[in-house]
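K.L.:
Got a structure for you, questions after.
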Amino acid sequence: MANTSQPLLIKRYASRRLYNTETSDYVTLEDIATFIRDGREVQIVDLKSGDDLTRQYLLQIIAEHESRGESVLPVDVLTNLVRSYTSQSMSVVPQFLAQSFEMLQSGQSKMMENMGSMNPLTQMPGFEAMKAQQEAFMKAMTGGMMPSSTPPAASSSEKEEGLDDIKAELAALQEKLSKLAK
Numbered sequence: 000m001a002n003t004s005q006p007l008l009i010k011r012y013a014s015r016r017l018y019n020t021e022t023s024d025y026v027t028l029e030d031i032a033t034f035i036r037d038g039r040e041v042q043i044v045d046l047k048s049g050d051d052l053t054r055q056y057l058l059q060i061i062a063e064h065e066s067r068g069e070s071v072l073p074v075d076v077l078t079n080l081v082r083s084y085t086s087q088s089m090s091v092v093p094q095f096l097a098q099s100f101e102m103l104q105s106g107q108s109k110m111m112e113n114m115g116s117m118n119p120l121t122q123m124p125g126f127e128a129m130k131a132q133q134e135a136f137m138k139a140m141t142g143g144m145m146p147s148s149t150p151p152a153a154s155s156s157e158k159e160e161g162l163d164d165i166k167a168e169l170a171a172l173q174e175k176l177s178k179l180a181k
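The opening position of the sequence shown corresponds to residue 0 in numbering that gives the first Met the number 0, with each subsequent residue numbered one higher.
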């Protein structure tokens, strides 16, 4: 059985073929994307030089998904990312993106908690499909760091407290937006 606490080591041969060292077989970019979606960390290294190629291949996976119409990143975000490589804001961008994904993950967890059986939306036709799609989206956006199953049901007071927290966060964000608009 594979040790999932260690990153899955993928070696790139001179022929550009990718070799999974755990299963001793060749893999494709789509296989690597599947490993990541399943929550597995990967490390891709050049066999000859030992250079870490992980970032390069992850960007290639994203580019392939975007080119197939599976767009997650809006054009204005991509444009701003390109601009950030040539500006002084480059040092802030990685930290901002990491914090944004953490906030997105946290908000998703709270939203899923509030989608328990006590919520009247759960009776809506197609709700389960929508919920599964939302979970899949979040798993893709967070690199599989989100739990794939719904957390255990919270008590009524815990749900109300969580809803109050979300309302307070929303109010704070609206206040910040109104200050920025001035």
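Note that CB positions come from ideal geometry on N, CA and C, so glycine has one too.
Just to confirm my understanding: we take Val92, look at its own chain, exclude 5 residues before and 5 after, and list those with CB closer than 6 Å. What are they?
P.N.:
The answer, listed in chain order, is Ser83.
K.L.:
Relative to the alpha-carbon of Tyr25, which residue among Glu168, Gly49, Thr33, Ile9 has its alpha-carbon at the smallest distance?
P.N.:
If we check each option's Cα against that of Tyr25, Ile9 comes out closest.
K.L.:
Measure how close the beta-carbons of Leu239 and Gln59 come, nearest whole angstrom, since I'm counting them as under 8 Å.
P.N.:
Nothing about residue 239 can be read from this structure; the chain reaches only from 0 to 181.
K.L.:
Give the DSSP-derived three-state secondary structure of Leu52 in the structure shown.
P.N.:
The answer is coil: DSSP assigns Leu52 none of H, G, I, E or B.
K.L.:
Assuming Arg11 and Leu57 form a contact by the criterion Cβ under 8 Å, report the distance between their Cβ atoms to the nearest whole angstrom.
P.N.:
Between Leu57 and Arg11 the Cβ distance is about 13 Å, and since that is not below 8 Å, they are no contact.
K.L.:
State yes or no: is the C-beta of Ile43 within less than 7 Å of the C-beta of Lys109?
P.N.:
Not closer than 7 Å, so no.
K.L.:
Going by C-alpha distance, which of Arg67, Gly68, Ser66, Val41 is nearest Gln55?
P.N.:
Ranking Arg67, Gly68, Ser66, Val41 by Cα distance to Gln55 puts Val41 first.
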